Amino acid sequence: MRDVNATEADWGNAKSWWRIMGNLNLAHWIIVGASLAVTLYGWWVSQTQIEERARGRFERETTKVRDLVLERLQRYEDALWAGAAYVESLGGDLSVDEWKAYAEQLAIDKKYPGINGIGVIHYLEDERSLAQYLEEQRVLRPHFKIHPEVEIGENWPISYITPVAGNEQAIGLDMAHETNRYTAAKKARDRSMAQITGPIVLVQDAQQTPGFLFFVPFYEYADESADERKFRGLIYAPFVFKRLMDGILARDFRHVGIEILDKKALMFRDVSDGDLWYDPEPLFSSVETVSVYGREWEFRFRTDLKFRQDAGSTQPLIILASGIMVDVLLLMLFASIMRSSKRSQLQTEDLRRVQAELSRANEELTQFNYRTSHDLAAPLKTIQGFVDLAKLDLKKQDYESLAHMIDRIGSQAKRLDDLVKDLLNLCRIDHVNTDLEPVNCKEMVESVFESLSALAADHDVSMRSECLIDEPLLSQPSRVMQVVENLVSNAIKYSDAAKSERWVVVRFEEDFGDWAKIEVEDNGIGIPEDVGERVFEIFYRVGNNSEPGSGIGAYLVRKHVDALGGSVHYKTTPEGTCFSVRIPHQWTKRK
Ligand code: ADP
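In this note's numbering, each residue's number is its place in the sequence shown (first place is 1) plus 4.
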């Protein structure tokens with residue numbers, strides 16, 4: 005349960021995330037990396053396809069618009085050539101009424117909505133032809149005059165225009181009065197081709213928007229073979245650019261704006277930054293120059309916001325987002341697999357450790373069984389021997405020897421008793437009262453001295469205590485007592501008979517921090533240097549030890565000190581030994 009909670013907490017913790025990621029191996033990263041690469045590739049392909057589709061649409065729309073403009077001009081050109089053919093069929097000239105009759109049947113307002121009318125310009129090459137022309141025109145139109153006056157020796161007056169209404173100002177206007185019109189007119193004559201002027205503002209256009217004139221030459225033929233012909237004038241049509249463009253792929257149905265320029269002069273524009281759909285940074289734009297009847301027209305196209313909106317697709321984003329999501333899930337999956345495998349690895353290690361501890365404990369138990377059976381059996385056998393000897397003494401009525409035998413039986417029984425006590429203490433080591441209670445060190449040491457007084461008297465050892473802790477300390481009294489008792493009993497047992505005075509001192513004092521130090525010092529025989537920590541091993545006894553003992557005392561000391569969370573060490577010389585125990589404690593006086 006604890007582990008599950010820890011796992012949940014881990015997922016929510018950024019540091020743990022990095023730790024989990026760190027657990028992934030190269031193969032995991034390669035798989036996630038490859039999946040990420042596929043996602044990015046899919047995203048890129050989809051993005052590119054959408055972009056190419058949009059570009060295709062842009063190119064189709066621009067081509068269509070340009071072709072429609074050119075096609076429309078072509079239709080107008082055809083109408084003008086038809087007019088020229090008509091005039092030529094009449095011998096190269098015609099009257100105002102004849103032209104009116106012809107032009108009206110063209111129904112230009114319906115069929116050719118882009119032009120304001122269709123008319124005839126006569127070419128008057130000199131004074132003589134001018135005079136003759138004016139005479140002829142004034143037959144039907146007495147007030148006809150050419151304007152403005154031009155001093156170049158030739159005239160290009162607009163003779164007729166249909167419809168007249170709205171075009172009144174154009175009648176009689178001399179094309180030679182202004183370079184743009186004059187140049188285009190001459191080009192049409194000299195090249196025998198349809199020509200248009202550069203941008204002009206038509207006299208007919210009340211709104212003064214850009215427009216141009218479209219010229220087609222007509223001739224008078226000298227004979228049927230048409231080898232010899234004389235240039236007589238032009239059929240012309242005035243265009244207001246806006247009207248020409250009207251209806252060309254209605255603006256609502258296309259999302260590409262157009263600008264048309266003639267030598268940098270703007271002729272038409274249906275896009276401006278005030279428009280609702282104007283895109284300041286268009287997705288696509290292009291510039292194309294097209295030769296149109298002697299002029300170079302620059303078509304500029306740019307997409308608008310609606311185009312951008314239609315071209316946009318969420319598909320690449322969906323591909324990218326879902327791909328990244330899959331990658332994250334993959335990462336999480338790998339991390340969780342690694343986590344569980346790491347956990348089971350740790351569990352296996354734990355199991356191995358427990359197994360090792362168990363087998364060590366088992367070995368200790370076997371050794372313990374062997375030693376205890378041996379140690380119990382030895383005094384029993386000795387007692388048995390002494391009992392047999394005592395029986396013989398009784399038979400011989402040797403009461404002195406009998407008394408001696410009984411003493412020896414007694415001391416062996418005591419040895420057996422000590423051993424059993426030690427064994428009992430050993431069994432109880434994990435079952436002592438572990439409650440923290442105040443330990444009055446003075447009283448405790450007194451009680452230990454009392455229980456060991458006979459042993460001390462036997463070895464002629466004086467016991468002294470130095471209790472430098474006034475207040476009781478909090479600890480487990482039974483453990484502290486067994487520690488002190490075992491150490492003092494060893495200090496007495498291993499006292500040095502060769503010394504004139506034998507003593508043991510028990511010292512309790514405060515140590516750094518919240519620790520207590522208990523020292524048991526003697527001037528006994530000391531412990532050989534090479535013994536070291538083995539003193540604390542179970543059943544260990546130094547050399548040929550003549551003192552009765554089981555080799556359990558020092559082991560019990562270490563066990564109790566460990567249980568108290570402390571430590572035990574000793575220093576020894578032939579002059580004596582000092583065991584030093586440190587145990588952690590909150591002094592009751594500070595509580
Ligand atoms: P024992 O029952 O033999 O006393 P312990 O485990 O208490 O067993 O002690 C192990 C051995 O360490 C003892 O046999 C003794 O040789 C040595 N020893 C312990 N304490 C002292 C001491 N204060 N002075 C000298 N030798 C000691």
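By construction, the Cβ of each residue, glycine as well, lies at the ideal position given by its N, Cα and C atoms.
From a predicted model like this one, the values you see are computed outputs, not experimental measurements.
query                                                                                                                                                               : result
Is Asp534 a contact residue of ligand 1, with contact defined as CB to any heavy atom under 7 Å?                                                                    : no
Using a 10 Å radius around the Cβ and a threshold of 16 neighbouring Cβ atoms, would you call His573 buried or exposed?                                             : exposed
Can you find a CB in chain C that lies within less than 8 Å of the CB of Asp113?                                                                                    : The structure shown contains no chain C, having only a single protein chain.
For Cys431, is the classification buried or exposed, using 16 other Cβ atoms within 10 angstroms of its Cβ as the cut-off for buried?                               : exposed
Look at the alpha carbon of Val358 and the alpha carbon of Leu440, and state the distance between them as a whole number of angstroms.                              : 30 Å
Classify Ser554: buried if its beta carbon has 16 or more other beta carbons within 10 angstroms, exposed otherwise.                                                : buried
So Ile542 and Tyr498 are in contact, right, with Cβ under 8 Å, and what is the actual spacing, rounded?                                                             : Not quite, the Cβ-Cβ distance comes to about 18 Å (not below 8 Å), so this is no contact.
With DSSP as the reference, please indicate the residues paired to His126 in a beta bridge.                                                                         : Gly237
What's the gap between the Cα of Phe390 and the Cα of Glu404?                                                                                                       : 14 Å
Can you name, in chain order, every residue of its own chain whose Cβ lies under 6 Å from the Cβ of Glu63, other than the five neighbours on each side?             : none
Please confirm whether Asp426 and Ile531 have their CB atoms less than 8 Å apart.                                                                                   : no
Just grab the DSSP bridge partners of His147 for me.                                                                                                                : According to DSSP, His147 bridges with nothing at all.
Assign Arg468 to one of three DSSP states: helix, strand, or coil.                                                                                                  : strand
Can you determine whether any heavy atom of ligand 1 sits closer than 7 Å to the C-beta of Lys575, and answer yes or no?                                            : no
Kindly examine ligand 1 and report whether one of its heavy atoms sits closer than 7 Å to the Cβ of Lys385.                                                         : no
Apart from the five residues on each side of it in sequence, which residues of its chain come closer than 8 Å, Cβ to Cβ, to Thr581?                                 : Ala495, Tyr498, Glu525, Asp526, Gly528, Gly530, Ile531, Tyr574 and Lys575
What did DSSP end up calling Phe288 once you bin it into helix, strand or coil?                                                                                     : coil
If you reduce the DSSP assignment to three classes, tell me which class Glu158 lands in.                                                                            : coil
If you reduce the DSSP assignment to three classes, tell me which class Phe219 lands in.                                                                            : strand
When you compare only the Cα positions, how much space is there between Asn444 and Lys521?                                                                          : 14 Å
Under the assumption that Phe272 contacts Ser290 (Cβ atoms under 8 Å), give the Cβ distance between them as a whole number of angstroms.                            : Actually they do not touch by this definition, with Cβ atoms about 16 Å apart.
By the three-class DSSP mapping on this structure, what secondary structure does Ala502 have?                                                                       : coil
If you measure from each residue's Cβ to the nearest non-hydrogen atom of ligand 1, which ones come out under 5 Å, in chain order?                                  : Asn494, Ala495, Tyr498, Gly528, Ile531, Val539, Arg545, Val546, Asn549, Gly553, Ser554, Gly555, Gly557, Ala558 and Thr581
Based on the DSSP secondary-structure assignment, which residues constitute the bridge partners of Phe243?                                                          : Ile119 and Phe216
Using DSSP's beta-bridge definition, name the partner residues of Ala520.                                                                                           : Glu514 and Ile587
To the nearest angstrom, how far is it from the Cα of Gly46 to the Cα of Arg347?                                                                                    : 37 Å
Find out if the Cβ-Cβ distance for the pair Val91, Val69 is shorter than 8 Å.                                                                                       : no
Take Ser584 as the anchor and find which of Ser504, Val492 and Ala501 has the nearest alpha-carbon.                                                                 : Val492
Go ahead and label Ala13 buried or exposed: buried means 16 or more other beta carbons lie within 10 angstroms of its beta carbon, across all protein chains shown. : Low local confidence applies: a pLDDT of 46 at Ala13 is under 50, so the model's placement there is unreliable, with the coordinate-based value given in what follows. Its Cβ having fewer than 16 others within 10 Å, Ala13 is exposed.
With 16 other CB atoms within 10 Å as the buried threshold, where does Arg195 fall?                                                                                 : exposed
If you draw a straight line from the C-alpha of Val436 to the C-alpha of Arg562, how long is it?                                                                    : 15 Å
Just to confirm, is the Cβ distance from Glu158 to Asp130 under 8 Å?                                                                                                : yes
Please list the segments of the alpha helix (DSSP H) lying wholly inside the region 382-439, counting only runs of 4 or more residues, in order along the chain.    : 403-432
Would you tell me roughly how many angstroms separate the C-alpha atoms of Leu238 and Gly278, rounded to the nearest one?                                           : 41 Å
Since Tyr282 sits in a beta bridge, which residues does DSSP pair it with?                                                                                          : Answer is none; Tyr282 lacks a bridge partner.
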